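Student: Sending over a structure as C-alpha cells; questions will come in a sec.
Number of protein chains: 2
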Amino acid sequence: MSEQSTLRMTRQRRAILEAVRAARVHPTADEVYAKVRGALPRVSLGTVYRNLEELARRGLISKIEVGGTQRRYDGETVEHCHVRCLTCGHVEDAEVDGVDLQKAGASRIPGYVVVGCAVEVMGYCPRCVMAGHAESARRS
Amino acid sequence: MSEQSTLRMTRQRRAILEAVRAARVHPTADEVYAKVRGALPRVSLGTVYRNLEELARRGLISKIEVGGTQRRYDGETVEHCHVRCLTCGHVEDAEVDGVDLQKAGASRIPGYVVVGCAVEVMGYCPRCVMAGHAESARRS
DNA sequence: CTAGCTGCAAAGTGTTTGCGGCTTA
DNA sequence: TAAGCCGCAAACACTTTGCAGCTAG
Numbered sequence: 010m011s012e013q014s015t016l017r018m019t020r021q022r023r024a025i026l027e028a029v030r031a032a033r034v035h036p037t038a039d040e041v042y043a044k045v046r047g048a049l050p051r052v053s054l055g056t057v058y059r060n061l062e063e064l065a066r067r068g069l070i071s072k073i074e075v076g077g078t079q080r081r082y083d084g085e086t087v088e089h090c091h092v093r094c095l096t097c098g099h100v101e102d103a104e105v106d107g108v109d110l111q112k113a114g115a116s117r118i119p120g121y122v123v124v125g126c127a128v129e130v131m132g133y134c135p136r137c138v139m140a141g142h143a144e145s146a147r148r149s
Numbered sequence: 010m011s012e013q014s015t016l017r018m019t020r021q022r023r024a025i026l027e028a029v030r031a032a033r034v035h036p037t038a039d040e041v042y043a044k045v046r047g048a049l050p051r052v053s054l055g056t057v058y059r060n061l062e063e064l065a066r067r068g069l070i071s072k073i074e075v076g077g078t079q080r081r082y083d084g085e086t087v088e089h090c091h092v093r094c095l096t097c098g099h100v101e102d103a104e105v106d107g108v109d110l111q112k113a114g115a116s117r118i119p120g121y122v123v124v125g126c127a128v129e130v131m132g133y134c135p136r137c138v139m140a141g142h143a144e145s146a147r148r149s
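Residue numbers (the numbering used here), protein chains in the order written: chain A, 10 to 149; chain B, 10 to 149.
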C-alpha cells in the first residue's frame, strides 16, 4: 500500500534493536537509551525514539499498547498478555486466565475495523510489595 | 488504611463529575474541560486534572487503563472492555469475545498482588474508516 | 471559622522535529 | 555518490504543582 524506503542497518539501529530484544522487562525509551549508551556513548535520545518508532512500524519489535505514562516496547511481536506494576510501572509478560487472545482480537464490533487486542493485568510487583508500596495511593 | 479528608462537593467538582458521567465516549481531560467551561467559564485546566484524579481515587469515576497518549476517564466504575481507534484515539465500550474479565482479574501471577485487568481492542472507528484513514500509518 | 478548594502561571515529563553534517549500501 | 541517518537543541503536548485568595459545611 505505501512505499517503504530501504532500511539501513546502522550501528545505532542495531544496538537499539538488540537492547529491546535482550531486555527481560519491556523497556521504555530511556531504559533503551541508557542501555545503548553503554556501547555507543554519543547516541542521542532523539535517535532512540526515532528508531523505536521505525522498528515498530516495520514489525521488528512491537509497541506495547497498555496503560502507564511512558510508552514501552517489546522484542516479541506475537500478541500476548502483560502485567503492569501500579507503583513502579514495570511491565512483563503474564499468563492470564479466562482470555482467548485469538478470539478477542477477532471480535466483531459494529462499524469498526478491528486489528488486535491488548490485555493487561494490573497489580503490584514483588519488589514493590516487599517495599510496602502496595497499600499506598494508586498511580498509573 | 489511610485517612481520607472530607470531600467537598463544590460547583466545579460536581460539574466535572457530571461531564464524565454524561459523556457517551470516554473523555480526556481537555474534553471534560471544554464541556465544563460551558457552565463555568472560569474553571482552570488544573482544577479539572486535580478533580479527575481525586474522583478516580475515591472510586466515583474510573481512569481508563489502556494505551494512547492521553489519559481518559470513564463514568462507569464496573470493569468492562474498550475499543480504541488507532487513528483518532476515541475510546468506547465494547463487547469482546473470548474474555472472562472476572477470571482474568483474578489471575494468579507469581509474586504479584493482582488488583484488576484491562482489555482493549484496537482498530479503526466508523468515522475514520469512512474518511479513509484506516490504511495510513499506525499511531497510538 | 477553617479545612479544603480554586484560578493562575510556572515548572515538569515524555516525545517529536528541523537542521547541517556524517555514513551505509 | 546519494538516500538515509545521526547528534543536537529547540519545540511540543500533556500533566503537575506552588501560592494566595475564596467557599462549603
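Glycine is no exception: its CB is placed at the ideal position from the N, C-alpha and C atoms. Bear in mind that the values here come from a model prediction, so they are computed numbers and not experimental data.
So with Cβ pairs under 8 Å, would you call methionine 131 of chain B a contact of chain A?
Tutor: So, interface residue.
Student: Judging by CA-CA distance, which residue of A/Arg136, A/Ala140, A/Ile25 is the nearest neighbour of valine 52 of chain A?
Tutor: Nearest C-alpha to valine 52 of chain A: A/Ile25.
Student: Buried or exposed for valine 92 of chain B, please, with buried defined as at least 16 other CB atoms from any protein chain shown within 10 angstroms of its CB.
Tutor: So valine 92 of chain B counts as buried.
Student: Please work out which residues of its chain come closer than 7 Å, Cβ to Cβ, to arginine 30 of chain B, disregarding the five sequence neighbours upstream and downstream, and give them in chain order.
Tutor: So the list reads Gly84, once near-sequence residues are dropped.
Student: Quick one: list the residues of chain A neighbouring alanine 113 of chain B, beta-carbon separation under 8 Å, in chain order.
Tutor: Within chain A, the residues near alanine 113 of chain B are Val105, Asp106, Gly107, Val108, Val128, Val130.
Student: Return the residue from the list B/Val122, B/Asp106, B/Tyr121, B/Gly141 that minimises the CA-CA distance to valine 128 of chain B.
Tutor: Taking only the C-alpha atoms, the option nearest valine 128 of chain B is B/Asp106.
Student: So alanine 38 of chain B packs on leucine 61 of chain B, CB below 8 Å; how close in whole Å?
Tutor: Alanine 38 of chain B to leucine 61 of chain B, Cβ: 6 Å. Contact.
Student: Whose C-beta lies closer than 7 Å to the C-beta of arginine 147 of chain B among residues of the same chain, with five residues either side of it excluded?
Tutor: A caution first: arginine 147 of chain B carries a pLDDT of 36, below 50, which makes its placement in the model unreliable, though a value can still be read off. Correct list, in chain order: Leu95.
Student: At a Cβ threshold of 8 Å, is glutamate 74 of chain A touching chain B?
Tutor: For glutamate 74 of chain A, the answer is yes, since a Cβ of chain B falls inside 8 Å of its Cβ.
Student: Return helix, strand or coil for aspartate 102 of chain B, following the three-state DSSP convention.
Tutor: Three-state DSSP puts aspartate 102 of chain B in a strand.
Student: Residue range of the alpha helix (DSSP H) that aspartate 109 of chain B falls in?
Tutor: Run containing aspartate 109 of chain B: none; DSSP gives neither H nor E here.
Student: My guess is that isoleucine 73 of chain B and arginine 67 of chain B are in contact by the Cβ rule of under 8 Å, so how many angstroms apart are they, rounded?
Tutor: With a Cβ gap of about 16 Å, isoleucine 73 of chain B and arginine 67 of chain B do not count as contacting.
Student: Could you compute how far the alpha carbon of valine 7 of chain A sits from the alpha carbon of serine 71 of chain A?
Tutor: This structure cannot speak to residue 7 of chain A, because chain A is shown only from 10 to 149.
Student: Which partner residues does arginine 93 of chain B have in the DSSP bridge list?
Tutor: Bridge partners of arginine 93 of chain B: B/Val100, B/Met131.
Student: May I ask you to report which of helix, strand or coil DSSP gives arginine 17 of chain A?
Tutor: Three-state DSSP puts arginine 17 of chain A in coil, outside helix and strand.
Student: Just curious, the alpha helix (DSSP H) that tyrosine 82 of chain B is in, first and last residue?
Tutor: Looking at the DSSP string, tyrosine 82 of chain B is not in any alpha helix (DSSP H); the run it does join, the beta strand (DSSP E), is 81-83.
Student: Measuring CA to CA, which of A/Pro135, A/Leu64, A/Gly114 is closest to arginine 17 of chain A?
Tutor: Arginine 17 of chain A has its Cα closest to that of A/Leu64, out of A/Pro135, A/Leu64, A/Gly114.
Student: Taking all protein chains shown into account, do 16 or more other C-beta atoms lie within 10 angstroms of the C-beta of glutamate 104 of chain B, making it buried, or fewer, making it exposed?
Tutor: Under this definition glutamate 104 of chain B is an exposed residue.
Student: Alpha carbons only, please: which of A/Met131, A/Ala113, A/Arg20 is nearest the one belonging to proline 50 of chain A?
Tutor: Checking every option, the nearest Cα to that of proline 50 of chain A belongs to A/Arg20.
Student: Just to confirm, are cysteine 90 of chain B and cysteine 137 of chain B a CB contact at a threshold of 8 Å?
Tutor: Not closer than 8 Å, so no.
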